[in-house]
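Heads up: the structure comes next, in structure tokens.
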Amino acid sequence: MPTGDHIQKGQPPVWRAALFGLCPECGASTLFDGAVKFEARCRVCSLDYSRYNVGDGPAAFLTLIIGALLIAIALTLDALVRPPIWVHIILWVPLTAAAVVYGLRVGKGALLASEHQRQAAEGRKVDTDD
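With this note's numbering as the guide, the letters of the sequence shown map in order to residues 519 to 648.
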């Protein structure tokens with residue numbers, strides 16, 4: 519069972535799987551189908567990605583963090599340089615969109631890889647005979 523620092527051969531660490539969209543089982547670059555949508559399964563090792571419940575949990579959290587960071591940088595730039603408004607628009611709109619999409623890829627990839635490597639699953643009720 520791969521937990522903590524012990525990872526089976528072929529399995530990338532969580533950070534590498536998240537940054538590069540790698541399958542948490544074989545390390546192939548098959549995790550995403552599009553910008554932030556997971557593939558149904560790995561094309562190399564056939565790991566079923568749909569069994570993991572990642573959802574869109576990281577979306578609001580990442581958007582707030584990225585938004586706060588970019589607003590702070592934009593206000594600093596405005597205070598130091600005073601560029602015209604059109605510079606802010608062509609600079610910050612695409613940068614914000616790219617940061618949110620890449621942040622979602624990394625966040626969702628990290629959650630899926632963590633669930634896989636820790637063999638996380640839905641809670642189950644266990645019957646005990648007392």
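All C-beta atoms in this analysis are idealised placements derived from N, C-alpha and C, irrespective of residue type, glycine included.
Rounded to whole angstroms, the Cβ separation of leucine 630 and valine 562 is 16 Å, and the two are not in contact under 8 Å. With the rule of 3 Cβ pairs closer than 8 Å, the stretch 533-542 does not count as touching the stretch 596-612. The beta carbon of arginine 623 sits closer than 6 Å to those of Val554, all from its chain and outside the five residues before and after it, given in chain order. In the three-state scheme derived from DSSP, where H, G and I count as helix and E and B as strand, aspartate 596 is classed as helix. For the options Asp551, Thr594, Pro531 and Pro602, the alpha carbon positioned closest to that of tyrosine 567 is the one of Asp551. Per DSSP, the continuous alpha helix (DSSP H) segment holding tyrosine 620 begins and ends at 603-635.
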